[in-house]
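Down below is the structure, laid out as structure tokens.
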Amino acid sequence: MLGLNKKDTYMFLLVLALVVFAPFLLNPFPENSELAQFNAGYPDLMQRFLIFGIFAIGFNILFGLTGYLSFGHAAFLGVGSYAGVWMMKLLTMNVIPAIFMSVVFAGLFSLLVGYISLRRSGIYFSILTLAFAQMSFSLAYSVLTPITNGETGLQLALDDPRVIGVSQVDGSIPPANFFGMPMRESFEMSMGGWLFTFNAGYYLCAVVMMIAFYIAIRIFRSPFGMMLRAVKSNQQRMNFTGLNSKPYTLAAFVISGMYAGLAGGLMVAMDPLAGAERMQWTASGEVVLMTILGGAGTLIGPVLGAGFIKYCENIFSKINDNILYDWFAALPDGLADALVFIIHPFIGKGWHLTLGIMFMLIVIFLPGGIMEGMERIGRLFKRRKPPSQDKSAPQASAAPAE
Amino acid sequence: MDAILLQILNGLDKGSAYALIALGLTLIFGTLGVVNFAHGALFMIGAFCAVTLNRLLSLSFTTIDPERTDFLGNPLKVETPYVETWFGPETGAAIIDWSVPLAILFSIPIMALVGLFMERGLIKYFYKRPHADQILVTFGLAIVLQEIIKYFYGANPIPTPAPDAFSGSFDFGVLLGLDPNLIIYPYWRIVYFLFAAGIISAVFAFLQFTTFGMVVRAGMADRQTVGLLGINIDKRFTFMFALAAVVAGLAGVMYAPINSPNYHMGMDFLVLSFVVVVVGGMGSLPGAVLAGFLLGILESFASMAQVVALLPGINQIIIYLVAIVILLTRPRGLMGRKGVMES
């Protein structure tokens, strides 16, 4: 279907189903139950899953395929956000031009950064991208204040021109919309104890993300993607064959920059403001974490990683000592105190500690991320079922000669 | 003239911090070939050693003084640090006052231990992994260390004053026959610069004039051959990692009075120090020191009012700009050796 082979079609349909039914799937617990705090089915968080999913898919096209580790991708997301807000200020509150211009501006900026940074590879490349991102961050904070509004962040105002649309409706800023359908509009469905929310903005993100995911699959399976993988496995040998790898890596860099810009544009579409802290290098670090955690170089991995981190970030940071005491209410007091004392540093504000430890464990023991973990578990089960064929496996999997 | 001199002086103290961190980074990179993203965290731990010692020394007990009253008329509570009861009020107060210099002694064993644990417990397993993995795992470690510190000390900067004796400023202008108050410079920054210079020379002297240092240098040049000669080079490299951690920690201890320590100060310095290392040339110790001071001074020149008026925002980006230009024109950095990280 759509030029995908059978396996990819199944994967695509699976992701599509997950995304479409996410409002149900992420709300497994009834509204008033004890476990309702683990529900992630509210629009704000679901939008973030998809947006960071797009960001991570894009980053994976660069890092997963070519092996170039960029520490500056948040800059493209930031540029995209600023471009999006400006479109909303100048043109119209319709999100389409905002998203479109975010992609264009992020693409142009990444073309510039990539053209310079890709002259070096390895750690030098990482540091060059880091330097560019920090530079844009500092500039956005200081000199470019007329464009970025510095520390306060760029916001919409009542007297913005909005030449195509209207600058204000009844003394307030019109909401971000998709041809008249406000992004904030949601349809709530109550079933038994459950409350499901279907949000317009979420489904816009879903459509955009499915398109982005489809393009990523096509890139992964194309000769172009093969070329990028060749860059990762042995760039020197590739150059010896007389092939100039620079246009390929640059294209990958720009594509991933555009994905970042798309994510930035969607962020603006959901919540029309942009701040410089989106460009800081810790933000770039976050997308690296997502991609590695999910599994670099795999198709679904980055999306899973993004969802996992954003989910934990929201849920872990909401848990506090009182909730813990509720859980351990059945245990004797002393034991409950001890458990809460042990768990306390890892929850609430300490959630970054959990993230850091988790990330280290993944890098140390499971370099392929969640995807490799799932594969290993899968292999474990497969091996148990046909024990007779097990003997031929070691020979078949022996490494080919160099 | 005086403006230029002032900027050079201003650049020296920031440059000393860059140089010290970059020196440690280069030591680790040159010996073990590991890109250590957790080095900034070591710097931060050093600064928090100073905070901890200050707090330990000021531990006090409360007595109620019935003769004096506070503004509500209640008897006044008087806090007396234990140190003052042990050593007498004057010596005790002096000890608390000098807590930052004392923290130097306090931090050396701590930083050495942290360094040893880091190398033996984690980094050891990453020698054969790609550089990207090393970056990622040390990046994760940096987050973990940072969050541990944040858990114990909170997110706000903690002021840690220098001894009173160094609290004033020194008038350089008078020394050079210029008008007074033209070039004034805080004493503590002079101390910091001298301290950094001392540490840097000590490290170089250690590498240059001791047998141990000679073996380490030989190992940096050709690890395999040194190993074949029957020398346990791994052990010495572990020691060098601990030494690098101590250097970063000391840089942090002494920096505490200049900039109140907070949990993310390490990350802020780390990015810049990496840039410094790259500008100096990966694996070159003199290059790291030179680039540290150069970039520190350049940064302070760029923040002169006249320069900022000419090129707004230049003070924020000058270091990155220089790094980009250097990397593109001299890929090996200022003093980089051939064959280091050129795959």
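Note that the protein sequences, when read in sequence, are chains A and B. Here this note's numbering is used: the first sequence runs in plain steps of one and ends on residue 467. Here this note's numbering is used: the second sequence runs in plain steps of one and ends on residue 349. Glycine included, each C-beta is placed from N, C-alpha and C at the ideal position.
Closest Cα partner of residue i within the set the options
{"i": "leucine 141 of chain B", "options": "B:Leu31, B:Ile154, B:Val282, B:Thr68", "result": "Leucine is not the amino acid found at residue 141 of chain B; the sequence shown has isoleucine there. That would be B:Leu31, whose Cα lies nearest to the Cα of isoleucine 141 of chain B."}
{"i": "phenylalanine 176 of chain B", "options": "B:Thr166, B:Ala168, B:Leu188", "result": "B:Leu188"}
{"i": "valine 277 of chain B", "options": "A:Ile188, A:Leu221, A:Phe103, A:Glu96", "result": "A:Ile188"}
{"i": "leucine 176 of chain A", "options": "A:Phe165, A:Ile161, A:Thr194", "result": "A:Thr194"}
{"i": "glutamate 96 of chain A", "options": "A:Gly215, A:Ile442, A:Ser255", "result": "A:Ser255"}
{"i": "glutamine 13 of chain B", "options": "B:Ile330, B:Asn321, B:Gly342", "result": "B:Asn321"}
{"i": "serine 203 of chain A", "options": "B:Leu108, B:Ile324, B:Gly302, B:Glu90", "result": "B:Ile324"}
Below-7 Å beta-carbon distance, residue i vs any chain A residue
{"i": "glutamine 312 of chain B", "result": "no"}
{"i": "isoleucine 330 of chain B", "result": "yes"}
{"i": "valine 120 of chain B", "result": "no"}
{"i": "phenylalanine 280 of chain B", "result": "yes"}
{"i": "valine 84 of chain B", "result": "no"}
{"i": "valine 285 of chain B", "result": "no"}
{"i": "tyrosine 326 of chain B", "result": "yes"}
{"i": "serine 22 of chain B", "result": "no"}
Cβ of residue i within 7 Å of any chain B Cβ
{"i": "alanine 464 of chain A", "result": "At alanine 464 of chain A the pLDDT is 43, less than 50, meaning the model places this residue with poor confidence; the figure from the coordinates comes in the next sentence. Judged by the 7 Å Cβ criterion, alanine 464 of chain A is not in contact with chain B."}
{"i": "methionine 200 of chain A", "result": "yes"}
{"i": "proline 240 of chain A", "result": "no"}
{"i": "proline 410 of chain A", "result": "yes"}
{"i": "methionine 425 of chain A", "result": "yes"}
{"i": "alanine 139 of chain A", "result": "no"}
{"i": "alanine 325 of chain A", "result": "no"}
{"i": "alanine 196 of chain A", "result": "yes"}
{"i": "leucine 445 of chain A", "result": "no"}
{"i": "leucine 69 of chain A", "result": "no"}
{"i": "serine 431 of chain A", "result": "The amino acid occupying residue 431 of chain A in the given sequence is leucine; serine does not appear at that position. Not closer than 7 Å to any Cβ of chain B, the Cβ of leucine 431 of chain A fails to qualify, so no."}
{"i": "alanine 418 of chain A", "result": "First, the residue type needs correcting, since residue 418 of chain A is leucine and not alanine in the sequence shown. Output row for leucine 418 of chain A: interface = yes."}
Residue i: contacting residues in chain B (beta-carbon distance under 7 Å)
{"i": "glycine 415 of chain A", "result": "Glu153, Tyr157"}
{"i": "glycine 421 of chain A", "result": "Gly146, Ile149, Val150, Glu153"}
{"i": "valine 428 of chain A", "result": "Asp139, Leu142, Val143, Gly146"}
{"i": "glycine 350 of chain A", "result": "Phe145"}
Beta-carbon neighbours of residue i, restricted to chain A and to distances below 8 Å
{"i": "isoleucine 141 of chain B", "result": "Leu134, Ile188, Ser191"}
Residues bridged to residue i (per DSSP)
{"i": "glutamine 220 of chain A", "result": "A:Leu338"}
{"i": "lysine 83 of chain B", "result": "B:Ile70"}
{"i": "aspartate 177 of chain B", "result": "B:Ile190"}
{"i": "proline 247 of chain A", "result": "A:Asn242"}
{"i": "phenylalanine 261 of chain A", "result": "A:Met254"}
{"i": "asparagine 159 of chain A", "result": "A:Asn242"}
{"i": "valine 234 of chain A", "result": "A:Ser237"}
{"i": "threonine 75 of chain B", "result": "B:Pro81"}
Local Cβ density within 10 Å of residue i, reported as buried at 16 or more and exposed below that
{"i": "serine 113 of chain B", "result": "buried"}
{"i": "leucine 316 of chain B", "result": "exposed"}
{"i": "lysine 20 of chain B", "result": "buried"}
{"i": "valine 40 of chain B", "result": "buried"}
{"i": "lysine 71 of chain A", "result": "exposed"}
{"i": "phenylalanine 278 of chain A", "result": "buried"}
{"i": "lysine 383 of chain A", "result": "exposed"}
{"i": "aspartate 235 of chain A", "result": "exposed"}
{"i": "isoleucine 239 of chain B", "result": "buried"}
{"i": "phenylalanine 158 of chain B", "result": "exposed"}
{"i": "proline 337 of chain A", "result": "buried"}
{"i": "glycine 323 of chain A", "result": "Checking the displayed sequence, the identity of residue 323 of chain A turns out to be methionine instead of glycine. Flag for methionine 323 of chain A reads buried."}
Partners in chain A for residue i, counting only beta-carbon separations shorter than 7 Å
{"i": "valine 221 of chain B", "result": "Residues of chain A passing the Cβ test: none, with the nearest at roughly 27 Å."}
{"i": "glutamine 322 of chain B", "result": "Ser203, Leu204, Ser207"}
{"i": "leucine 184 of chain B", "result": "Within 7 Å Cβ-Cβ: nothing; leucine 184 of chain B doesn't reach chain A, min ~32 Å."}
{"i": "proline 318 of chain B", "result": "Val208"}
{"i": "valine 277 of chain B", "result": "Leu195, Gln199, Trp346"}
Partner residues on chain B for residue i, Cβ-Cβ distance less than 8 Å
{"i": "valine 405 of chain A", "result": "The premise fails here: valine 405 of chain A is roughly 15 Å from chain B at the closest Cβ pair, so nothing lies under 8 Å."}
{"i": "alanine 317 of chain A", "result": "The contacting residues do not exist; alanine 317 of chain A stays about 16 Å from chain B at best."}
{"i": "leucine 260 of chain A", "result": "In chain order: nothing, as chain B lies at least about 35 Å away."}
{"i": "arginine 181 of chain A", "result": "Per the sequence presented here, residue 181 of chain A reads as isoleucine, with arginine not at that position. Going along chain B in sequence order, the residues near isoleucine 181 of chain A (Cβ under 8 Å) are Ile330, Leu334."}
{"i": "leucine 389 of chain A", "result": "Near leucine 389 of chain A there are no residues of chain B at all, since even the closest Cβ is about 16 Å away, more than 8 Å."}
{"i": "isoleucine 357 of chain A", "result": "Leu142"}
{"i": "tryptophan 392 of chain A", "result": "By Cβ distance, chain B contributes nothing, its closest Cβ being about 21 Å from tryptophan 392 of chain A, past 8 Å."}
Proximal residues of chain B, C-beta to C-beta of residue i below 9 Å
{"i": "arginine 185 of chain A", "result": "Leu333, Leu334, Pro337"}
Proximal chain A residues relative to residue i, where beta-carbon distance stays under 9 Å
{"i": "valine 40 of chain B", "result": "By Cβ distance, chain A contributes nothing, its closest Cβ being about 11 Å from valine 40 of chain B, past 9 Å."}
heavy atom of the ligand SAM below 6 Å from residue i C-beta
{"i": "glycine 266 of chain A", "result": "As for the ligand SAM, it is missing from this structure, which has no ligand bound."}
Give, in chain order, every residue of the stretch 198-227 of chain A whose Cβ lies closer than 8 Å to some Cβ of chain C.
Looking at the structure shown, chain C is missing, and the protein chains on hand are A and B.
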